[in-house]
Amino acid sequence: NPKDATPANVQMLDKARKNLSDVASRSKDKPGIAAKANYNLGNLEFNAEQYEKAIQYYKQSLRIDPNDENARKNLRIAQKKLQQQNQDKNQQNQQNQDKKQDQKDNKDQQDNKQNQNQEDDRSDHRSDIRRKDRRSAPL
81 NPKDATPANV QMLDKARKNL SDVASRSKDK PGIAAKANYN LGNLEFNAEQ YEKAIQYYKQ
141 SLRIDPNDEN ARKNLRIAQK KLQQQNQDKN QQNQQNQDKK QDQKDNKDQQ DNKQNQNQED
201 DRSDHRSDIR RKDRRSAPL
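Counting in the working numbering, the sequence shown runs from 81 upward without gaps.
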């Protein structure tokens, strides 16, 4: 399970990636095996939700074996998943921007309200002083 981040599992997946990569690099010697190694690397990355990497491996598999319908099908699925992942990221970014703007707007409103209250307090204070001056002024 690629989502299992226990050290033992991470180490096992890294070793599998390395072994498959070694096999995949031998496309001239054994193209059928190299195509399957790229296909399996694509599956590893797909399951880890690393769709860009998965797409590259599926494409490499198809370059070696253009008749591999499983690789072609998985490539299309990975491309759709990547598109959805990018849309989700864009939507999340937009929501974050909206939230930040809302927070800024709320802070601006609070600051304006506070400034208005302070101005009102100063105005009230000036009015009080004028009233006192009028009362204490000789007639």
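C-beta: ideal position from N, C-alpha, C; glycine also.
Cβ-based neighbour list, residue i, same chain, cut-off 6 Å, excluding 5 preceding and 5 following
{"i": "residue 107", "result": "114 and 144"}
{"i": "residue 190", "result": "none"}
{"i": "residue 112", "result": "none"}
Other residues of its chain near residue i: CB distance less than 7 Å, five sequence neighbours each side excluded
{"i": "residue 132", "result": "162"}
Test item: CB-CB of residue i and residue j under 8 Å
{"i": "residue 88", "j": "residue 103", "result": "no"}
{"i": "residue 141", "j": "residue 119", "result": "yes"}
{"i": "residue 135", "j": "residue 158", "result": "yes"}
{"i": "residue 156", "j": "residue 124", "result": "no"}
Local Cβ density within 10 Å of residue i, reported as buried at 16 or more and exposed below that
{"i": "residue 105", "result": "exposed"}
{"i": "residue 122", "result": "buried"}
{"i": "residue 127", "result": "exposed"}
{"i": "residue 109", "result": "exposed"}
Coil, strand or helix - residue i by DSSP
{"i": "residue 148", "result": "coil"}
{"i": "residue 203", "result": "helix"}
{"i": "residue 88", "result": "helix"}
Residues near residue i in its chain [Cβ-Cβ closer than 8 Å; skip 5 each side]
{"i": "residue 197", "result": "none"}
May I have a chain-ordered list of the alpha helix (DSSP H) segments no shorter than 4 residues that lie completely inside the segment 96-137?
111-127
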